[in-house]
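Residue numbers (this note's numbering): 565 to 1057. For every residue, glycine included, the Cβ atom is placed at its ideal position computed from N, Cα and C. In what follows, a single structure is set out as structure tokens and then discussed.
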């Protein structure tokens, strides 16, 4: 009996390897990252131990090599602990866009590169540079509320080292995976020295300024900028909370879904232009050049919205899709999903332990199952894909945030595609027409903004009438995690 079970399991593994060769290396690599995540000493010991096993069990050498690689990759991103002089002043460069979670407060990610001692000696940290996540409140906030990535300033702060925890899903371990060594509360700071910004950042700020000049510095422009470019500085907290309660918060950011919509729109445009240009007679060349131009446009749009993690993942997935669509790999979409996930784990070790990664691939798996992996699908498949994507995303969100919005299951298939197309595709077109002065009165832009405001008012009304969002306890969250794993296993069979 045991031999029959062993034979059937080997047969299933062989069938899985044949269907998706990337799957087993991906699983082994992810397991290695999880094993090396708990303690660095455990990770190093595991490297030595598995190295010995590869000599004893050559049959499993490939799988063990991927486990070893996963262990080493997660160890490589964990920063060293730093000793900070609390009486010294430090010079730092802003790494990413500041976040304004509360009035009078700003959160910054910094790279500390200089130190100024109490004796007045200044020196560079060189190889002892470290990254920190800092909060500025009240007086320091007044100096730092307009910083942009690349700005430099001096500050004094109260530092607190980030300690690794046993739970790989904790926020502390998430910061460590991002290369951050410490958190701090800024006590004093100088005015930032603005450096020359990048071209894409300058384009982003130019578009933001043009939008505010046309719509005003108010909730209308804030809603449009948030849903079109992912700029949420002007958006009110009330609007964010309403969209969270209804499970539509993903519409307020430019995520992988919006990047995909822009890619498809650009592909359709370039394909029709090339077909009518009489330059290419080969349809294969038309498709190849259309995909290349669409990827370049998507990369440009990605740079404008700020290279968000989920958008980066979407671009990599689109890049693999473009390669796969020109080869036999495109016939098996699950291979593209596994390959894109593998690349994510290589570029950002441990990212699969974070909610943004899991939400992205939960939605992608739902779309794949809803369309049955087909290249062409009808309206019923479209609704089924949206329903599965909403359901899987809701389950993952329930596990992470202990909160579920049942309205999101029904509202996402109805509104997500329409609103995203209006805000991204038509919104980008309206901005372009206004910038090149074809629509000097910004009538098209104002119409798009008005539509988004009406949609916001509708969501507020729905949230007030049907409060279907409820909190989950710890036991229910764990049960939901088990249910999610069961559903994923069932659908994958």
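Residue i (DSSP reduced to helix, strand or coil)
{"i": "residue 589", "result": "helix"}
{"i": "residue 924", "result": "helix"}
{"i": "residue 888", "result": "helix"}
{"i": "residue 814", "result": "helix"}
{"i": "residue 664", "result": "coil"}
{"i": "residue 701", "result": "strand"}
{"i": "residue 659", "result": "coil"}
{"i": "residue 877", "result": "helix"}
{"i": "residue 717", "result": "strand"}
{"i": "residue 689", "result": "coil"}
{"i": "residue 1052", "result": "Caution is warranted here: a pLDDT of 48 is assigned to residue 1052, below 50, making its placement in the model unreliable, and no coordinate value can be reported."}
{"i": "residue 1002", "result": "coil"}
{"i": "residue 856", "result": "helix"}
{"i": "residue 694", "result": "strand"}
{"i": "residue 645", "result": "coil"}
{"i": "residue 653", "result": "strand"}
{"i": "residue 1041", "result": "Bear in mind that the predicted position of residue 1041 carries a pLDDT of just 49, short of 50, making it too unreliable to give a figure here."}
{"i": "residue 948", "result": "helix"}
{"i": "residue 722", "result": "strand"}
Residue span of the alpha helix (DSSP H) that contains residue i, given as start and end
{"i": "residue 767", "result": "763-779"}
{"i": "residue 981", "result": "971-984"}
{"i": "residue 1010", "result": "1007-1029"}
{"i": "residue 803", "result": "801-809"}
{"i": "residue 641", "result": "625-641"}
{"i": "residue 738", "result": "735-741"}
{"i": "residue 783", "result": "783-793"}
Residue nearest to residue i in terms of C-alpha spacing, selected from the options
{"i": "residue 630", "options": "929, 594, 651, 662", "result": "594"}
{"i": "residue 641", "options": "910, 665, 826, 836", "result": "910"}
{"i": "residue 823", "options": "962, 666, 987", "result": "987"}
{"i": "residue 827", "options": "653, 907, 886, 1018", "result": "886"}
{"i": "residue 990", "options": "952, 974, 658, 825", "result": "825"}
{"i": "residue 733", "options": "915, 923, 651", "result": "915"}
{"i": "residue 637", "options": "684, 970, 906", "result": "906"}
{"i": "residue 766", "options": "714, 965, 597, 859", "result": "714"}
{"i": "residue 669", "options": "992, 706, 741", "result": "706"}
{"i": "residue 912", "options": "660, 701, 743, 649", "result": "743"}
{"i": "residue 752", "options": "729, 634, 718", "result": "718"}
{"i": "residue 601", "options": "651, 809, 883, 736", "result": "736"}
{"i": "residue 814", "options": "902, 690, 972", "result": "972"}
{"i": "residue 1060", "options": "701, 1025, 639, 952", "result": "The chain is shown only over 565 to 1057; residue 1060 falls outside these bounds and no answer can be derived."}
{"i": "residue 768", "options": "875, 978, 793, 690", "result": "793"}
Unbroken beta strand (DSSP E) run spanning residue i, endpoints
{"i": "residue 726", "result": "Element bounds for residue 726: n/a, residue is neither H nor E."}
{"i": "residue 752", "result": "744-753"}
{"i": "residue 676", "result": "669-680"}
With 16 other Cβ atoms within 10 Å as the buried cut-off, status of residue i
{"i": "residue 1003", "result": "buried"}
{"i": "residue 878", "result": "buried"}
{"i": "residue 681", "result": "exposed"}
{"i": "residue 585", "result": "exposed"}
{"i": "residue 925", "result": "buried"}
{"i": "residue 684", "result": "exposed"}
{"i": "residue 1014", "result": "exposed"}
{"i": "residue 921", "result": "buried"}
{"i": "residue 665", "result": "exposed"}
{"i": "residue 954", "result": "buried"}
{"i": "residue 995", "result": "buried"}
Cα-Cα separation between residue i and residue j, rounded to whole angstroms
{"i": "residue 917", "j": "residue 904", "result": "16 Å"}
{"i": "residue 919", "j": "residue 1027", "result": "24 Å"}
{"i": "residue 772", "j": "residue 833", "result": "25 Å"}
{"i": "residue 789", "j": "residue 1023", "result": "18 Å"}
{"i": "residue 724", "j": "residue 1030", "result": "43 Å"}
{"i": "residue 748", "j": "residue 654", "result": "12 Å"}
{"i": "residue 999", "j": "residue 774", "result": "7 Å"}
{"i": "residue 671", "j": "residue 840", "result": "51 Å"}
{"i": "residue 712", "j": "residue 656", "result": "13 Å"}
{"i": "residue 1057", "j": "residue 785", "result": "The pLDDT assigned to residue 1057 is 43, lower than 50, so where the model puts this residue is not dependable; a value taken from the coordinates is nonetheless given after this. Answer to the nearest angstrom: the Cα atoms are 47 Å apart."}
{"i": "residue 854", "j": "residue 777", "result": "35 Å"}
{"i": "residue 984", "j": "residue 811", "result": "15 Å"}
{"i": "residue 674", "j": "residue 698", "result": "7 Å"}
{"i": "residue 591", "j": "residue 948", "result": "28 Å"}
{"i": "residue 704", "j": "residue 818", "result": "30 Å"}
{"i": "residue 969", "j": "residue 803", "result": "16 Å"}
{"i": "residue 890", "j": "residue 934", "result": "23 Å"}
{"i": "residue 781", "j": "residue 800", "result": "12 Å"}
{"i": "residue 729", "j": "residue 598", "result": "13 Å"}
{"i": "residue 1016", "j": "residue 850", "result": "36 Å"}
{"i": "residue 1054", "j": "residue 1020", "result": "For residue 1054, the predicted structure reports a pLDDT of 46, less than 50, and the residue's modelled location is therefore unreliable. A value from the coordinates is still provided. When rounded, the distance between both Cα atoms is 37 Å."}
{"i": "residue 1010", "j": "residue 787", "result": "12 Å"}
{"i": "residue 569", "j": "residue 626", "result": "Note on residue 569: pLDDT 45, under 50, position unreliable in the model; the coordinate value appears next. In a straight line, the C-alpha of residue 569 is about 24 Å away from that of residue 626."}
Near the ligand GTP: residue i beta-carbon under 8 Å from a heavy atom
{"i": "residue 1014", "result": "In the structure shown, the ligand GTP is absent, as is every other ligand, since no ligand is present at all."}
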